[in-house]
Amino acid sequence: MRRRHTGSEGAAYSKDFAEFFAGIGLVHLGLQPSGWRCVYANDIEPKKHAMYEAQFGRAAHYHLEDIWNTDAVAGRLAKAPFLATASFPCVDLSLAGHWRGIDGEHSSTYFGFLKVLERMRRERPKVVMLENVCGFLTSRKGADFQRALGGLAELGYWVDAIVLDAKWFVPQSRPRLFVFGFHDTLDSPLVIRRREGLALDDPWAMAVDRTAVVRPNGLLSLSDRTYLPTGWATVAFPPPQRMEYRLLEVIDLDDSQEWWSDEETSRHYEMMETPSKRRVDELIGSGDRAIGAAFRRTRRGQTRCEVRFDLAGCLRTPKGGSAKQIVVAVVGGKLRMRWMSAREYARLQGAGEFNITVPPLQAMYGFGDAVCVPAVRWIDRHILTPVFESHSAALPAHAAPASA
Ligand SMILES: C[S@@+](CC[C@H](N)C(=O)[O-])C[C@H]1O[C@@H](n2cnc3c(N)ncnc32)[C@H](O)[C@@H]1O
5 MRRRHTGSEG AAYSKDFAEF FAGIGLVHLG LQPSGWRCVY ANDIEPKKHA
55 MYEAQFGRAA HYHLEDIWNT DAVAGRLAKA PFLATASFPC VDLSLAGHWR
105 GIDGEHSSTY FGFLKVLERM RRERPKVVML ENVCGFLTSR KGADFQRALG
155 GLAELGYWVD AIVLDAKWFV PQSRPRLFVF GFHDTLDSPL VIRRREGLAL
205 DDPWAMAVDR TAVVRPNGLL SLSDRTYLPT GWATVAFPPP QRMEYRLLEV
255 IDLDDSQEWW SDEETSRHYE MMETPSKRRV DELIGSGDRA IGAAFRRTRR
305 GQTRCEVRFD LAGCLRTPKG GSAKQIVVAV VGGKLRMRWM SAREYARLQG
355 AGEFNITVPP LQAMYGFGDA VCVPAVRWID RHILTPVFES HSAALPAHAA
405 PASA
């Protein structure tokens, strides 16, 4: 039985969400366990849609459409869901897209999303969650962030922003900016709005201070310089705790993996910087087992192989050899190397059980572009579900929840 409740405009809410820029659906995977139901998903890429359906089954709610086709997209959303998520394309907010910025061909789709929200005049989602790379903070010296959040605030949203790194949950370094919009009509005692004339015992300031670990200085100072017609708001969530994990747990070591020949392994060993070579030599000498991950990069005109033994670097879409992750394994006094598999990519995104039915490169493309599932679960546990439930609890008696 699903809980429903009446919104302040008289419409009934279920624990429903719409996933914009849905890709292969890892936001969906993160929200599903606590009972969120995806009523609408949108993406333009048929290959991602194929992966999504392999995992979630035939999905009539998945709308393959350009977000800029506002009428077609908004037309499919007869009723506003409680939550809308948008992991809009990051390429123009990074070196890969030459820092073209939020007006770039890909990242400007964010404004397509805002147009869809704008079209929902009568009632908008109560909560919006955006996800993107941290380059969103530095793009055009912060002007892109200011304009993007200003646009969200103009639609009636009070805003919060945090940087959550996948490394809190899985052995992958993947810091991502998450922005939350709490609509003015959201009736939740958990949402703490920043007041004018900040005092030290202000509840908003205390909640923000308590979570300093997800609020780097660059984000705080940019937020201070960002004018919002609504304002800043937060929810008093706890700082994340680092999970126990090891890279070894996500890497397969059996002989059926496509390990490189000794020649290819030696070639990559020679590409390592001296400290990495020394570390590999020590591990080989000690007989200890160690698993690392590497990328190929061009440094000073030379291809280098950069290894780390604590975490994998941030997964990326594997367009060329330099964007693909390499497994570096020292086992039984021997160095073995190979490309990381699609299944390992899935595990590094916390989606180890994902039903992969497409060719490996297509799957890695999907996972490299996606969001880390346990990061979404953490956000859901501490922000999204509590806000949904408190909005429900705050309703007057005559609008008490009814069964669907
Ligand atoms: C960063 S990825 C989001 C990935 C997603 N969160 C996941 O878990 O797979 C951005 C997505 O935006 C989609 N996209 C790009 N341009 C679009 C457009 N004009 N309309 C709709 N979707 C678009 C891409 O196909 C891509 O899947």
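Note that the sequence shown covers residues 5 to 408 in the working numbering.
Just so it is clear, CB atoms sit at the ideal spot from N, CA and C, and this is done for glycine as well.
The model shown is predicted, which means the values in this text are computed figures rather than measured ones.
Counted within 10 angstroms of its Cβ, other Cβ atoms place residue i as buried (16 or more) or exposed
i    : result
H102 : exposed
L257 : exposed
E135 : buried
S62  : Just to set this straight, residue 62 is Arg in the shown sequence, not Ser. Classification of R62: exposed, given that the 10 Å Cβ count is below 16.
M55  : buried
V377 : buried
N359 : exposed
P322 : buried
V217 : exposed
N46  : buried
E253 : exposed
K338 : exposed
M247 : exposed
P243 : exposed
S91  : buried
P85  : buried
M210 : exposed
L33  : buried
S280 : buried
G14  : The pLDDT assigned to G14 is 43, lower than 50, so where the model puts this residue is not dependable, and the model offers no usable value.
Q245 : exposed
D4   : Here the chain covers residues 5 to 408 and nothing more, so residue 4 does not appear.
E200 : exposed
A333 : buried
R293 : exposed
S345 : buried
Y114 : buried
G370 : buried
R283 : buried
S270 : exposed
G222 : exposed
S227 : buried
S203 : In the sequence as presented, Ser is not what sits at residue 203; that position holds Ala. Exposed.
L224 : exposed
K145 : exposed
Range covered by the beta strand (DSSP E) that runs through residue i
i    : result
I196 : V195 to R197
R312 : Q306 to R312
T89  : L87 to A90
A423 : Given that the chain is displayed from residue 5 to residue 408, the structure contains no residue 423 and the question cannot be resolved.
R2   : Coverage of the chain is limited to positions 5 through 408, which leaves residue 2 absent and any answer about it impossible.
L168 : Y161 to D169
G185 : P179 to H187
F24  : D20 to F24
V335 : I330 to V335
W3   : A question about residue 3 goes unanswered here, because the residues of the chain that appear run from 5 up to 408.
Supposed contact pair residue j and residue i - C-beta distance, whole angstroms, cut 8 Å
i    : j    : result
D259 : L35  : With a Cβ gap of about 38 Å, D259 and L35 do not count as contacting.
I166 : R219 : 6 Å
M341 : H272 : 6 Å
F182 : L168 : 6 Å
G317 : Q329 : 7 Å
R197 : W162 : 6 Å
G27  : A355 : Their Cβ separation, rounded to whole angstroms, is 12 Å, which puts G27 and A355 out of contact at 8 Å.
F186 : A147 : Rounded, the Cβ-Cβ distance is 24 Å, inconsistent with contact.
H67  : C42  : No, H67 and C42 are not in contact; Cβ-Cβ is about 11 Å, not under 8 Å.
I2   : I255 : Only positions 5 to 408 of the chain appear in the structure, and residue 2 is not among them; the question remains open.
R180 : V137 : 7 Å
V391 : V174 : Between V174 and V391 the Cβ distance is about 25 Å, and since that is not below 8 Å, they are no contact.
Continuous alpha helix (DSSP H) stretch holding residue i: start and end
i    : result
K119 : T113 to R123
Y349 : A346 to L352
V284 : T278 to S290
R214 : P207 to R214
W264 : No alpha helix (DSSP H) holds W264; DSSP gives it neither H nor E.
Y369 : P364 to G372
A254 : What sits at residue 254 in the sequence shown is Val, not Ala. Element bounds for V254: n/a, residue is neither H nor E.
W382 : V377 to I383
L223 : N221 to D228
CB contact below 7 Å: residue i versus chain B
i    : result
S177 : Checking the listed chains, one finds no chain B in this structure; it contains a single protein chain.
inquiry  = Under 7 Å, CB to any heavy atom of ligand 1. Which residues pass, going along the chain?
reply    = F25, A26, G27, I28, G29, L30, V31, N46, D47, I48, E49, K52, E69, D70, I71, W72, S91, F92, P93, C94, H110, T113, G116, E135, G370, D373, A374 and V375
query = In chain order, which beta strand (DSSP E) runs of at least 3 residues are fully inside the segment 34 to 110?
reply = 41 to 47, 66 to 68 and 87 to 90
query = Which ranges does the alpha helix (DSSP H) cover as unbroken runs of at least 4 residues, wholly within the segment 126 to 153, from first to last along the chain?
reply = 139 to 142
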